[in-house]
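Heads up: the sequence shown begins at 290 in my numbering, then just goes up one per residue. All C-beta atoms, glycine included, are put in the ideal place defined by N, C-alpha and C. Note that the structure is predicted; figures quoted are calculated from it, not measured. First the structure, in the form of structure tokens, and then the observations on it.
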Amino acid sequence: LLILASAPENLNWVYLTGTSNIACLAAYPGSSTIQDTTICANAYNVSSQSTCQGDSGGPLTVIDEDGELSEVGVTSFVSSTGCHTDYPAGFVRPGHYHEWYYEVTGINFDWEYEQPTEPEESVEATTVGPESSIESSSEEDSSEK
Numbered sequence: 290l291l292i293l294a295s296a297p298e299n300l301n302w303v304y305l306t307g308t309s310n311i312a313c314l315a316a317y318p319g320s321s322t323i324q325d326t327t328i329c330a331n332a333y334n335v336s337s338q339s340t341c342q343g344d345s346g347g348p349l350t351v352i353d354e355d356g357e358l359s360e361v362g363v364t365s366f367v368s369s370t371g372c373h374t375d376y377p378a379g380f381v382r383p384g385h386y387h388e389w390y391y392e393v394t395g396i397n398f399d400w401e402y403e404q405p406t407e408p409e410e411s412v413e414a415t416t417v418g419p420e421s422s423i424e425s426s427s428e429e430d431s432s433e434k
């Protein structure tokens, strides 16, 4: 029996909160799947929202201090009781497999952070108010007012 499914038209996302591997092991006693390479996460504020069957391979991301998304995990497993439970979902930390990714794809996904050598020039800050007005708050503007 071969069942073909089409890809969804709309991708979904959900907020999750990290769970320690100790708490994750308590939820899945005796599991050999939860290791140092595992990140576990639970629903953030609605227990019916989590990763689900079919989500494997999808990203677990965080928003860095600079506002950019970084992938910290790859969806691996959910509870056999379903995805709308209080059980945490499991993700694999991609960094542990960097060498394998490189061997398979030939692409170096690693990056090196370069510390700025000179102080950055002052950046103009912009605030958007409730009426969608834009106000500039640079030092130059405030000295002219």
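Exposed unless 16 or more other CB atoms sit within 10 angstroms - verdict on residue i
i	result
G362	buried
A296	exposed
A312	exposed
T415	Any reading at T415 must be qualified, since the residue scores a pLDDT of 42, below 50, and its modelled position is unreliable; the value itself is stated next. Under this definition T415 is an exposed residue.
Residue i versus the options, residue with shortest Cα-Cα distance
i	options	result
A316	I328, Y304 and D375	D375
Y304	S320, P348 and L314	P348
S368	T308, H387, G384 and G379	G379
Q324	V393, E392, Y390 and F366	F366
H387	T340, E360 and E354	E360
Residues of its chain near residue i, where Cβ-Cβ distance is below 6 Å and the 5 sequence neighbours each way are ignored
i	result
Y402	The predicted position of Y402 is uncertain, since its pLDDT is 49 and thus under 50; no value can be drawn from it.
S337	H373
Close beta carbons around residue i, own chain, < 7 Å, minus the five adjacent residues each side
i	result
D344	T364
I352	L358
C341	V367 and C372
Strand pairing of residue i, partner residues [DSSP]
i	result
P348	V363
T308	C329
A378	A330
L358	I352
Unbroken alpha helix (DSSP H) run spanning residue i, endpoints
i	result
V303	Segment: none, V303 is in no alpha helix (DSSP H) and carries neither H nor E.
Y317	Where Y317 is concerned, there is no enclosing alpha helix (DSSP H), given that its DSSP letter is neither H nor E.
Y386	That residue, Y386, is in no alpha helix (DSSP H); it is neither H nor E in DSSP.
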